[in-house]
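Worksheet: one structure, shown below.
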Amino acid sequence: MNKIYNIILLLIFILTYDISYSQKTITIITENDLNFGDAYMGYTTTINHTEAGAAKFRIRQTVLGNPYISATLTLPTALVNGSYSIPVIFGPATTAWSNVDLPAGRINFDPNSPLIIRLQRNDYLYIWLGGVINVPTNIVTGVYSSTITITITIL
Amino acid sequence: MLKHAMLACVLINGIIFAQNHSKTLVNIKARLIEGTAISIIDHKLQPEQFSKIAYPQLSNYNSDGIFVHISGYKNNVMVGYRYFNFSEFDSIKANRFEQMIGTHSTLQYINDQGNCLFIYEPFPDSESMTKEKSHNKICYISLVYN
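In order, the protein sequences belong to chains A and B. First residue of the first sequence: 1, per my numbering; consecutive thereafter. First residue of the second sequence: 1001, per my numbering; consecutive thereafter.
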């Protein structure tokens, strides 16, 4: 009886290890940070998704099949330098995705809502994120920064 | 002992199995610097001379006016300007130009081997060409980004 129990346990171990191995191979690679470069007081700076300063993510899944995935971006409302801040806006005009790493054929989407698409096993999903900063005039010079979190979920 | 080890692996894998998501961070950065987005600051001119000449004669591209010559795209843009016999080149970023679109400026466009090449002149009655700013030795030029 104890031997059968051990065999069953071993089988479960092998199966779950294999399944879990495939499940955890959702990879996200940040290829670019979002860099607005030099900004000037009183002016708006826009980074389009096609520009070198745009954030870029490369996502790949190795789950069997063709599942729906969602990409959720947690976006800041401002870049911060101490007690000073610069408002930042994200919208569909400066955000896009594609399955290929090319400017042509990109599809704009609203980064404030989850992007839900099908992604074939071993295919890539690229996301480019630009934005707009409106620089106030009553702040100090220096480096203003923040972070964006992207979460990819297999639905 | 082996049985317990496998049981632990099953439990850990079960936890991993439940994690069907992945996340990462990206940084955002902007460097706020002093000054205006586009300005031509001529330290060699007397403010009085500047304002006197700038108003009536900027509508023509001639040696009496200010000649602004911008080439390149997005980065490493050269801005050259000439004022009588004085000329100078500055390197600025072209992506700031789009913020300066003004209806009061005139422009000519020249395609220079795939680069964007613009010639601009500030319109004489441009609001940004105020006497006050001229006295601060700053010439604001309205530009159109094409």
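We put the CB at the ideal spot given by N, CA and C, even for glycine. Values in this document were obtained by computation on a predicted structure and should not be read as measured data.
| request: Kindly say whether P76/A, judged by its beta-carbon, lies nearer than 8 Å to any beta-carbon of chain B. | output: Judged by the 8 Å Cβ criterion, P76/A is in contact with chain B.
| said: Buried or exposed, going by whether 16 or more other CB atoms sit within 10 Å of the CB of G61/A? | reply: Checking the displayed sequence, the identity of residue 61/A turns out to be Gln instead of Gly. Q61/A comes out buried.
| request: Name, in chain order, the residues that DSSP records as bridge partners for Y143/A. | output: The sequence given here has Val at residue 143/A, not Tyr. Beta-bridge partners assigned by DSSP to V143/A: R1031/B.
| So, using beta-carbon positions, are G42/A and T137/A closer together than 8 Å? | One thing to note: G42/A has its Cβ within 8 Å of the Cβ of T137/A.
| Of all the residues that make up the region 101-118 of chain A, which are near chain D by a beta-carbon distance shorter than 9 Å? | As a matter of chain content, chain D is missing from the structure shown, whose protein chains are A and B.
| task | Pick helix, strand or coil for A96/A, following the three-state DSSP scheme. | result | Here DSSP, grouped into helix, strand and coil, assigns A96/A to strand.
| task | Would you tell me roughly how many angstroms separate the C-alpha atoms of G53/A and F90/A, rounded to the nearest one? | result | Cα to Cα, G53/A sits roughly 14 Å from F90/A.
| request: State yes or no: is the beta carbon of I89/A nearer than 8 Å to at least one beta carbon in chain B? | output: It does not; no Cβ of chain B falls within 8 Å.
| When Cβ atoms are compared, which residues of the region 126-139 of chain A fall closer than 8 Å to chain B? | Within the region 126-139 of chain A, those residues whose Cβ lies closer than 8 Å to any Cβ of chain B are, in chain order, L129, G131, I133, V135, I139.
| query | Nearest chain B C-beta to N35/A closer than 8 Å, yes or no? | reply | It does: the Cβ of N35/A has a partner Cβ on chain B nearer than 8 Å.
| query | From this set, G142/A, P92/A, P76/A, which residue's C-alpha is nearest T149/A's C-alpha? | reply | Of the candidates G142/A, P92/A, P76/A, the one whose C-alpha sits nearest the C-alpha of T149/A is P76/A.
| message | Please list the terminal residues of the continuous beta strand (DSSP E) segment that includes D38/A. | response | Residues 34-40.
| query | chain B partners of T151/A, CB-CB under 9 Å? | reply | For T151/A, the C-beta contacts it makes with chain B under 9 Å involve H1021, S1022, K1023, T1024, in order along the chain.
| task | Give me whichever residues DSSP pairs with A78/A in a beta bridge. | result | P87/A.
| Residues that Y126/A bridges to, as DSSP identifies them | Paired residues: R58/A, S98/A.
| Which residues of chain B have a Cβ atom closer than 7 Å to the Cβ of S145/A, listed in chain order? | Within chain B, the residues near S145/A are N1027, I1028, K1029.
| task | Inspect the beta-carbon positions of T95/A and V132/A and report whether they are closer than 8 Å. | result | No, Cβ-Cβ distance for T95/A and V132/A is not below 8 Å.
| Whole-Å CB distance - T1024/B paired with I127/A, under 8 Å assumed | Incorrect: roughly 11 Å between the Cβ atoms, too far for contact.
| request: Output yes if chain B places a C-beta closer than 8 Å to the C-beta of I4/A; else output no. | output: Not closer than 8 Å to any Cβ of chain B, the Cβ of I4/A fails to qualify, so no.
| query | Ordered along the chain, which non-local residues of its own chain (more than five positions away) have a Cβ less than 6 Å from that of G142/A? | reply | Contacts found: N81.
| query | Once you ignore the five residues that flank T46/A on each side, which residues in its own chain have a CB closer than 6 Å to its CB? | reply | Hits under 6 Å: V132.
| request: Might you give, ordered along the chain, the residues of its own chain that have their beta carbon closer than 6 Å to the beta carbon of N134/A, omitting 5 neighbours on each side? | output: Non-local beta-carbon contacts of N134/A in its own chain, meaning distances under 6 Å to residues more than five positions away in sequence, involve T44, P87 in chain order.
| query | If you check the beta carbons only, do T153/A and S70/A fall under 8 Å apart? | reply | Contact annotation: T153/A and S70/A have beta-carbon atoms nearer than 8 Å.
| Under the rule that 16 or more other beta-carbon atoms within 10 Å means buried, what is V63/A, buried or exposed? | With 16 or more other Cβ atoms within 10 Å, it is buried.
| A71/A: contacting residues in chain B (beta-carbon distance under 8 Å) | Within chain B, no residue has its CB atom less than 8 Å from the CB of A71/A, the nearest being about 10 Å off.
| Is P111/A closer than 8 Å to L125/A when the C-beta atoms are compared? | No; because the gap between Cβ atoms is not below 8 Å, this pair is not in contact.
| said: Classify V1026/B: buried if its beta carbon has 16 or more other beta carbons within 10 angstroms, exposed otherwise. | reply: With 16 or more Cβ atoms within 10 Å of its Cβ, V1026/B is classed as buried.
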